[in-house]
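J.: Below you'll find the structure I mean.
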Amino acid sequence: MISDHFRLTARQKVALGRLGLVTAEDLLRYFPSRYEAPAKECLIRDLTVGETVRVIGEVTAVKVGRGFKTKLPIGEVTLTDTTGQIKAIWFHQVYLAKKVFVGNFASLRGKVTERKGEFYLANPEIERLERLPDSSGSLFTDAGESELVSLQPVYPETRDLSSAWFYHAIKKLLRLGLAQKLLDPLPAEMLARYHLPALVTALVWIHSPRQESDAVVARKRFAFEEIFLIQLDRARRRVTYQNQPAHRISLPPDTLKSFIEQLPFPLTGAQDRAIKAILQDLARAEPMARLLEGDVGSGKTVVAAAAAYAAVRAGDEVAYMVPTEILAQQHFESFIANFAQLNINIGLLTGSDCRKFPSKISPHTHTAISRAQLLKWVANGEIPILIGTQTLIQKKVRWKRLGLVIIDEQHRFGVMQRQRLVGQGKKATQPAVPHLLSMTATPIPRTLALTLYGDLDLTLLDELPPGRRPVATAIVTEKTRSATYEKIKTELKAGRQAYIICPRIDAPDPLKALALNVKSAKLEYERLAREVFPDFQLGLLHGKLKPDDKEKVMADFVAGKIKILVATSVVEVGVNVVNATIIVIEGAERFGLAQLHQLRGRVARSSDQAYCYLFTTDSPNIPRLKYLASTKNGFELAEYDLSLRGAGALAGAKQWGISDIGMEAIKNLKMVEAARAEARELIKIDPELSRHPRLATRLQTLATRDIHFE
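For what it's worth, this note's numbering labels the leading residue of the sequence shown as 1442, then goes sequentially.
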């Protein structure tokens, strides 16, 4: 435990817990975010303006107040050594001055600045010391130990734990030899094969590099280790999953051909290849585990419909889970269109709605039914296709013969949610593990897909339906906003519809939001209706609306009663209104490239020319937006995002459960492929990891933490 080696305050214990740091190994694996040239230790009399230095002494004065003219909060600390004294001044960071009291010893690190002939340190790092270092050694070395580190590690900070605290704490653990006591989870032959340092060497090099190459090699080792462990976890899941029995779903070629021929459009070559691959998987006695990845508008839903048709014709049931009620309603309507002539019952189950198609009144319409009645019919097998949100994983939902699970935009669901839905098959009257088809339209770089979805076979839909035109994308500044509104009015008068997307629902402080160019959907809806589009019917859609209100707004928009839908990014996934050919994205710089591409895809639904207008006032982000405007392929955008923004910032990569150092590996295709191959080969030889206990222990340690890979 960390507390066994350090005297921790209550606040520090809370901060360590917040970071998930419990053991000494956890702390040793808390890596620097960057390195700086070490500051020169100086006596106060030897300071020179412009230098970055470290001074050590006794705190002789502490002052907190506000500037006389500016009224800015200011903190001051006066530090004294045997040669003189110097002030440290913090602007807007008064809490730093409060970290020490008169009589404390302290270390200050910062740049020497001069004002009116007086030296001071502006906004320096400050650390309270228990005692002054011995004269025989510096602050960073024991007596008689020479300082070999040429790079100063800088650690990610959190409240009550500074970078300096981590530096000294980790230095102490290394000095105590705790790194040597840790068992290396990576086999020695694997380290030799890829020329990677052993664990103890890598820990020393990453925390105390003598030169930059030491840190690079150490980070490479830990990046490989993290990706390898993820791949190992995925490979083991895959073997465990596919060792279970599944229903064989086979369909005569002519039967599927008749289904495809009744569709109102021909399949693309990519759709045809995807359907064939899925049917081959379904025909096996082991469960399918496949990810269908396709750009917006590439036709994933049709592929899913073909798979569902095969399952139903084989006597199995299908669960189709989507992340939002709007998307569930839309897929319900889409399946009705595809299955209307086939005499197949389809159900809809969400938190607020239960429906069945066809209704008893008319074979061409659906009707609302009670939840109890719907669940009874599902359990009896009378409704073989059930579409819904995560309500599908409720305990009350039971199946007769669940053979296929389809998860749309599956990255929005956690691992446990996916496993619970797949596990529903075991509750059926004829239990077996259902086949799994996951789908996503989120552009993901190939290296990230290979890592996150290591337990799934990948199928790409890399073709768009014939006749689809690329969305004309333009960046709109304040100067061209009025002209763009006129272009939109022209399209609306021609019978088209438009989305206007805002970054947030409402603004608690409208004046502040206006100054920051943060448009809220509620305020923008009122402004546009009053000032810009008074002659057109507007609607408002956001996550806080009641389900019935959402459904009415969407129904009116689909029917053309609403010409302009002002919304948040709730329309990002799956919403399909063919007549909507315009999308305006307010504050476009506040969205990630992947999300912008998803939003743009809302108007790429027909052969008509569509337009995407990126409204922005943030000039530093315009190059990124220009790339979006010039690139139509989502996978190219994802690769660009990875290279431009850095691994740690990739499309909100923190959500994946991969550390910054692991995300560095995502930029290296060879490393990812090597880790994947090593993991699969090792699991093939030793599926229980009985011959690799260190790996099994390390994997178990990671599994107990709140880490998810979806």
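Virtual Cβ for every residue (Gly too), placed ideally from N, Cα, C. Because the structure is a prediction, the values reported are computed rather than measured.
The alpha helix (DSSP H) with Gly2103 in it runs from where to where?
T.: Run containing Gly2103: Asp2101 to Ala2106, per the alpha helix (DSSP H) assignment.
J.: What are the start and end residues of the alpha helix (DSSP H) that includes Pro1594?
T.: From DSSP, Pro1594 is part of no alpha helix (DSSP H) but of the beta strand (DSSP E) over Gln1593 to Val1595.
J.: Note down the Cα distance separating Lys2111 from Ala2118, rounded to an integer number of angstroms.
T.: If I take the Cα positions, the gap works out to 10 Å.
J.: Just reading off the alpha helix (DSSP H) that Arg2121 is part of, what are its end residues?
T.: Counting along the chain, the alpha helix (DSSP H) containing Arg2121 begins and ends at Leu2110 to Ile2126.
J.: Is Glu1586 buried or exposed, if buried means 16 or more other CB atoms sit within 10 Å of its CB?
T.: Since pLDDT at Glu1586 reaches only 38, below the 50 mark, its modelled position is unreliable, and the value read off the structure follows with that caveat. Under this definition Glu1586 is an exposed residue.
J.: Return helix, strand or coil for Phe1700, following the three-state DSSP convention.
T.: Residue state, collapsed to three classes: helix.
J.: Taking Val2007 and Gly1980 to be in contact with their CB atoms under 8 Å, please state how far apart those CB atoms are, rounded to whole angstroms.
T.: Val2007 to Gly1980, Cβ: 7 Å. Contact.
J.: Smallest Cα separation from Gly2103: which of Glu1466, Met1442, Thr1450 and Tyr1471?
T.: Nearest option by C-alpha distance: Tyr1471.
J.: Kindly indicate which three-state DSSP category Val1541 falls into: helix, strand or coil?
T.: Val1541: coil per DSSP, three-state reduction.
J.: Pick from Asp1896, Leu1673 and Ile1826: whose alpha carbon is nearest that of His1772?
T.: When each option's Cα is compared against that of His1772, the closest is Ile1826.
J.: Can you tell which of Ala1809, Pro1764, Gln1703 and Asp1722 has the C-alpha that lies nearest to the C-alpha of Gln1782?
T.: Nearest of Ala1809, Pro1764, Gln1703 and Asp1722 to Gln1782, Cα basis: Gln1703.
J.: Can you tell me whether DSSP reads Asp1849 as helix, strand or coil?
T.: Of the three classes helix, strand and coil, the one that applies to Asp1849 here is strand, per DSSP.
J.: Would you call the segment 1681-1691 and the segment 1725-1741 touching, i.e. three or more CB-CB distances under 8 Å?
T.: Enough Cβ pairs lie closer than 8 Å, so yes.
J.: Measure the C-alpha to C-alpha separation of Gly1792 and His1533 and round it to an integer number of angstroms.
T.: Between Gly1792 and His1533, the C-alpha separation is close to 47 Å.
J.: Could you round the C-beta distance between Val2025 and Tyr1940 to whole angstroms and report it? I think they count as a contact, below 8 Å.
T.: Right, their Cβ atoms sit about 7 Å apart.
J.: Gly1508 and Ile1515 - do their beta-carbons sit closer together than 7 Å?
T.: Cβ distance < 7 Å, so Ile1515 and Gly1508 count as in contact.
J.: DSSP three-state label for Tyr1940, please.
T.: If DSSP states are grouped into helix, strand and coil, Tyr1940 belongs with the strands.
J.: To the nearest angstrom, how far is the alpha carbon of Thr2057 from that of Arg1922?
T.: Between Thr2057 and Arg1922, the C-alpha separation is close to 10 Å.
J.: Pull the bridge partners of Phe1546 from the DSSP assignment, please.
T.: Glu1499 and Leu1570.
J.: Pop quiz: Glu1517 and Phe1546 are said to be a contact at Cβ under 8 Å. What is the actual Cβ separation, rounded to whole angstroms?
T.: Actually they do not touch by this definition, with Cβ atoms about 18 Å apart.
J.: For Thr1806, count neighbouring C-beta atoms within 10 Å of its own C-beta (all shown protein chains included) and say buried if the count is 16 or more, exposed if not.
T.: Counting Cβ neighbours within 10 Å, Thr1806 comes out exposed, since fewer than 16 surround it.
J.: Given a cut-off of 7 Å on the beta-carbon distance, is the pair Gly1544 and Leu1562 in contact?
T.: In this structure, Leu1562 does not lie closer than 7 Å to Gly1544 by Cβ.
J.: Starting from Trp1531, trace the alpha helix (DSSP H) in both directions and tell me its first and last residue.
T.: Segment Gly1525 to Phe1532 is the beta strand (DSSP E) holding Trp1531; no alpha helix (DSSP H) there.
J.: Per DSSP, which residues does Glu1477 bridge with? Please list them.
T.: Glu1477 is bridged to Gln1593.
J.: Would you report the Cα separation of Val1838 and Leu1624, rounded to the nearest angstrom?
T.: Distance between the alpha carbons of Val1838 and Leu1624: 46 Å.
J.: Take every Cβ of the segment 1869-1889, pair it with every Cβ of the segment 2065-2082, and state whether three or more of those distances are shorter than 8 Å.
T.: They touch, by the three-pair rule.
J.: Would the beta-carbon of Gly1895 fall within 7 Å of that of Gln1672?
T.: It is a contact, given that the beta carbons lie within the stated cut-off.
J.: What three-state label does DSSP hand Lys1613 in the structure shown?
T.: Correct three-state label for Lys1613: helix.
J.: Is Ile1848 near Ser1879, with beta carbons less than 7 Å apart?
T.: Yes. Within cutoff.
J.: If you compare alpha carbons, which of Val1505, Glu2114 and Lys1528 is closest to Val1496?
T.: When only C-alpha atoms are compared, the closest one is Lys1528.
J.: So if DSSP puts Ala1563 in a beta bridge, which residue, or which two residues, is it bridged to?
T.: For Ala1563, which the question treats as bridged, DSSP gives the partners Ile1530.
J.: Report all residues from its chain with a CB closer than 6 Å to the CB of Arg2075; omit the five preceding and five following residues, and keep chain order.
T.: According to the sequence displayed, residue 2075 carries Gly and not Arg. Asp1736, Pro1884 and His2038.
J.: Measuring alpha carbon to alpha carbon, tell me which of Leu1905, Ile1929 and Gln1770 ends up nearest Pro1988.
T.: That would be Gln1770, whose Cα lies nearest to the Cα of Pro1988.
J.: Does Pro2134 come out as helix, strand or coil in the three-state DSSP assignment?
T.: Helix at Pro2134.
J.: Expressed to the nearest angstrom, what Euclidean distance is found between the alpha-carbon atoms of Ala1748 and Phe1669?
T.: Each residue's Cα considered, the two are about 33 Å apart.
J.: Suppose the cutoff is 6 Å on Cβ atoms and the five residues either side in sequence are ignored; what does the same chain contact list for Arg1452 look like?
T.: Only Asp1601 meet the Cβ criterion.
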